[in-house]
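Participant: Sharing a structure below in structure tokens format, with a few things to ask.
Numbering (my numbering), first residue to last: -15 to 322.
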């Protein structure tokens, strides 16, 4: 059996069980597939939960009650040894949860229509069980589809994002190890270039810095609130420069998990970044309150350049640290009887 096949099999069995679970029995499903010391991390307001019961009560039971007949629609599925802790094997799945939005969720009124919730899920497998999970969701995207988007217009374009252009992201069979090594080396080079820029105190970014690592036809699929961009110039205009010019004191804090398989690489941090808004980012005012960002990046390498990048940022948590709870405010205004 190939190196990551057993871990992938365990995670796929877990996914199948969750897909057939109900809000009433999902805690039993989690307990069957996870370790006794299971650690579950997710976006605000769910955050960090210890144990399968807490993860079920906090997130899985409410979402399954809200989103009936929910499907996991995967675009990327990869496994690998964690570069941060090589003894750990992680499996990452990215795509959308799709279901019928039939009951209230986080103060959002149900629509009775299809809802797509973008996700990236990282699972660490040890001794036949899932021991750690990082599940990141684009809840602003959910609010947008529910008709209660809480922020000013975004600089990029948010929509239901596709998977990789070549439709080759589901690595149910292990890829050649040398391909993953090349992908991770390119991603790390790109991260090092941007970290050096942060450490220098520079606010902008010369396009030639990006061109070292990125294809001229790069596609950046950012979180709702920022949106997606195509090509280096539009990416800089619609995300990178608003981000760099309107956030100061940017500090990279490291990653919990980072690995690659084949042409794909992924990572998440807890938190990845810290910064201070000076005004303008997301169309919001400054306030000078330093805040942490939890970020997921999933990359696709095409030959010697990165061509696609799917990004989730826990923007509601970043805003909450500055005094704005978008879920509480939305519920109070649009669904006050809850």
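Glycine residues also receive a C-beta, built at the ideal position from the N, C-alpha and C atoms.
Please state whether DSSP places residue 65 in a helix, a strand or coil.
Facilitator: For the purposes of this step, residue 65 is taken as residue 81 along the chain shown, with counting starting at 1. In this structure, residue 65 counts as strand in the three-state DSSP scheme.
Participant: Here's the rule: buried if 16 or more other CB atoms are within 10 angstroms of the residue's CB, otherwise exposed. What is residue 365?
Facilitator: Here the chain covers residues -15 to 322 and nothing more, so residue 365 does not appear.
Participant: Going residue by residue through the segment 146 to 203, where are the continuous alpha helix (DSSP H) segments of at least 4 residues, counting only ones entirely within it?
Facilitator: If we require 4 residues or more, the alpha helix (DSSP H) runs fully inside the segment 146 to 203 come out as 161 to 184, 191 to 195.
Participant: Hey, quick one: how far does the alpha helix (DSSP H) through residue 245 stretch, first residue to last?
Facilitator: The residue you call residue 245 lines up with position 261 of the chain shown. First-last for residue 245: 241 to 245, but that is the beta strand (DSSP E), not the alpha helix (DSSP H).
Participant: Under a Cβ-count criterion, where at least 16 other Cβ atoms within 10 Å of its own Cβ denotes burial, should residue 18 be classed as buried or exposed?
Facilitator: Mapped onto the chain shown, residue 18 falls at position 34. So residue 18 counts as buried.
Participant: For my contact list, residue 134 and residue 314 are in at a C-beta cut-off of 8 Å; report their separation, rounded to the angstrom.
Facilitator: Within the chain shown, residue 134 is the residue found at index 150, counting from 1. Within the chain shown, residue 314 is the residue found at index 330, counting from 1. Indeed, because the Cβ distance is near 6 Å, the residues count as touching under 8 Å.
Participant: Go ahead and label residue 184 buried or exposed: buried means 16 or more other beta carbons lie within 10 angstroms of its beta carbon, across all protein chains shown.
Facilitator: What you label residue 184 is simply residue 200 of the chain shown in a count that begins at 1. Exposed is the call here.
Participant: Can you look up residue 318 in the DSSP assignment and give me helix, strand or coil?
Facilitator: The sequence position of residue 318 within the chain shown is 334, counting from 1. Three-state result, residue 318: helix.
Participant: For residue 76, report the span of its alpha helix (DSSP H) as first-last.
Facilitator: In the chain shown, counting from the first residue as 1, residue 76 sits at position 92. Residue 76 -> not in any alpha helix (DSSP H); beta strand (DSSP E) instead, spanning 73 to 85.
Participant: Taking residue 138 as the reference, which of 30, 11, 10, 299 has the closest Cα?
Facilitator: Here residue 138 refers to the residue found at position 154 of the chain shown. That would be 299, whose Cα lies nearest to the Cα of residue 138.
Participant: Give the DSSP-derived three-state secondary structure of residue 254 in the structure shown.
Facilitator: On the chain shown, residue 254 is found 270 positions in, with the first residue counted as 1. Three-state DSSP puts residue 254 in coil, outside helix and strand.
Participant: With distance defined between alpha-carbon atoms, name the residue in 218, 248, 145, 213 nearest to residue 166.
Facilitator: Translated into the one-based positions of the chain shown, residue 166 becomes position 182. Ranking the options by Cα distance to residue 166, first place goes to 248.
Participant: Return the chain-ordered list of same chain residues with a C-beta closer than 6 Å to the C-beta of residue 69, the five sequence neighbours on each side being excluded.
Facilitator: Against the chain shown, residue 69 aligns to sequence position 85. Excluding sequence neighbours, residue 69 sits near nothing in its chain.
Participant: For residue -15 and residue 104, what's the separation of their Cα atoms in angstroms?
Facilitator: Residue mapping note: residue -15 aligns to position 1 of the chain shown, counting from 1. Residue mapping note: residue 104 aligns to position 120 of the chain shown, counting from 1. Unreliable placement is indicated for residue -15, whose pLDDT of 49 sits below 50; no coordinate value is reported for it.
Participant: Would you kindly report the start and end of the unbroken beta strand (DSSP E) that includes residue 114?
Facilitator: Sequence index remark: in the chain shown, residue 114 carries index 130 (1-based). Here the beta strand (DSSP E) through residue 114 covers 113 to 121.
Participant: Tell me whether residue 106 is buried or exposed, calling it buried when 16 or more other Cβ atoms sit within 10 Å of its Cβ.
Facilitator: Along the chain shown, one-based indexing puts residue 106 at 122. Classification for residue 106: buried.
Participant: Give the DSSP-derived three-state secondary structure of residue 99 in the structure shown.
Facilitator: Here residue 99 refers to the residue found at position 115 when the chain shown is read from its first residue. Reduced to three states, the DSSP call for residue 99 is strand.
Participant: With a CB to CB cut of under 6 Å and the five nearest residues on each side skipped, what residues in its chain are close to residue 280?
Facilitator: One-based indexing of the chain shown puts residue 280 at position 296. These residues qualify, in order along the chain: 104, 120, 252, 296.
Participant: Tell me which same chain residues have a C-beta within less than 7 Å of the C-beta of residue -7, skipping the five on either side of it?
Facilitator: Reading the chain shown from its first residue, position 9 is the one you call residue -7. Nothing meets the Cβ criterion.
Participant: In the DSSP assignment, find the unbroken beta strand (DSSP E) run with residue 281 in it and report its ends.
Facilitator: One-based indexing of the chain shown puts residue 281 at position 297. 279 to 286 is the extent of the beta strand (DSSP E) around residue 281.
Participant: CA-CA distance, residue 73 and residue 66?
Facilitator: In the chain shown, residue 73 corresponds to position 89, counting from 1. In the chain shown, residue 66 corresponds to position 82, counting from 1. For residue 73 and residue 66, the distance between alpha carbons rounds to 6 Å.
Participant: Alpha carbon to alpha carbon, what distance is there between residue 306 and residue 263?
Facilitator: To locate residue 263, count along the chain shown from 1; it is residue 279. To locate residue 306, count along the chain shown from 1; it is residue 322. Going by the C-alpha atoms only, they are around 12 Å apart.
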